[in-house]
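Going from the sequence shown to the working numbering is simple: count from 1 and add 93.
Even for Gly, the Cβ is constructed at its ideal location relative to N, Cα and C.
Here the structure is a predicted model, which is why all the values come from computation and not from measurement.
Before any comments, here is the structure.
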Amino acid sequence: SNKVNNEFKEFKRKANELPNLKIQSQKISENLDELNEKKLKIIRLISGTSNLETFISRLGFIGEKNNIIFQSIKPISSTKFVESTNTGIQNELNINPDQLLVEGVKKYTINLNLNASYKDLLSFLRELELQENIILFKDINLELSKVSGDENSKDKFKELNATFQIIVYGKI
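Here you go:
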């Protein structure tokens, strides 16, 4: 009888805690929804709303619009987000994983080789910077490729050969 009485008291205590647990559950659920919404906003900020195929198409369109002559567009790598399990070791070794590579985002590395006038190249790069995807430029190398026959012309350097790497973050 004493055992039944103790079980009954425990049952009443748990029944009394139930409303508080329900309130906590609702708060946790609301916080989770808010965090998921923030996560989606971060993904949209980093990757935009388009994937790599859409970006490559836009790259060609922007190049054509700015009189760019592509010699080569060479995809080097694509990297997906992987949850890190060794953050302590990474911190000790001072290894900084890519901060822009988050869940739902893929990182594409592409080598470009192109010819253009200086003015057209600047317009092309400016327009690339305005794309919705985050685009990083790396290892930019410019060389003169054509010289005009007129020695006295201010505009004697007509065309540049540009090689560089772009890193594009796109949605999966």
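Legend entry - Simplified DSSP assignment, three categories, for PHE230: Indexing the sequence shown from 1 puts residue 230 at position 137. In the three-state scheme derived from DSSP, where H, G and I count as helix and E and B as strand, PHE230 is classed as strand.
Inset, instruction - For ASP232, count neighbouring C-beta atoms within 10 Å of its own C-beta (all shown protein chains included) and say buried if the count is 16 or more, exposed if not. - result: Reading the sequence shown from its first residue, position 139 is the one you call residue 232. Its Cβ having fewer than 16 others within 10 Å, ASP232 is exposed.
Legend entry - Reduced DSSP secondary structure (H/G/I, E/B, other) of GLU236: As a working note, residue 236 is residue 143 in the sequence shown. If DSSP states are grouped into helix, strand and coil, GLU236 belongs with the strands.
Inset, instruction - Could you tell me which residues DSSP puts in a beta bridge with ILE260? - result: In the sequence shown, the residue the question calls residue 260 occupies position 167. ILE260 pairs with THR202 and LEU229.
Inset, instruction - Could you tell me which residues DSSP puts in a beta bridge with SER171? - result: By 1-based counting over the sequence shown, the position of residue 171 is 78. The partner list for SER171 (beta bridge, DSSP) reads TYR201.
Inset, instruction - Just grab the DSSP bridge partners of LEU253 for me. - result: Translated into the one-based positions of the sequence shown, residue 253 becomes position 160. Bridge partners of LEU253: ALA209 and LEU237.
Legend entry - Other residues of its chain near GLY141: CB distance less than 6 Å, five sequence neighbours each side excluded: Your numbering for residue 141 matches position 48 in the sequence shown. These residues qualify, in order along the chain: GLU225 and ASN226.
Inset, instruction - Indicate whether ILE260 and THR202 have their beta-carbon atoms separated by less than 9 Å. - result: On the sequence shown, position 167 is the one that residue 260 refers to. On the sequence shown, position 109 is the one that residue 202 refers to. Remark: C-beta atoms of ILE260 and THR202 approach each other more closely than 9 Å.
Inset, instruction - Could you please give me the residues that DSSP links to ILE166 through a beta bridge? - result: Walking along the sequence shown from the start, residue 166 turns up at place 73. According to DSSP, ILE166 bridges with LEU205.
Inset, instruction - Consult DSSP for LEU193 and reduce its assignment to one of helix, strand or coil. - result: As a working mapping, residue 193 is identified with position 100 in the sequence shown. Of the three classes helix, strand and coil, the one that applies to LEU193 here is coil, per DSSP.
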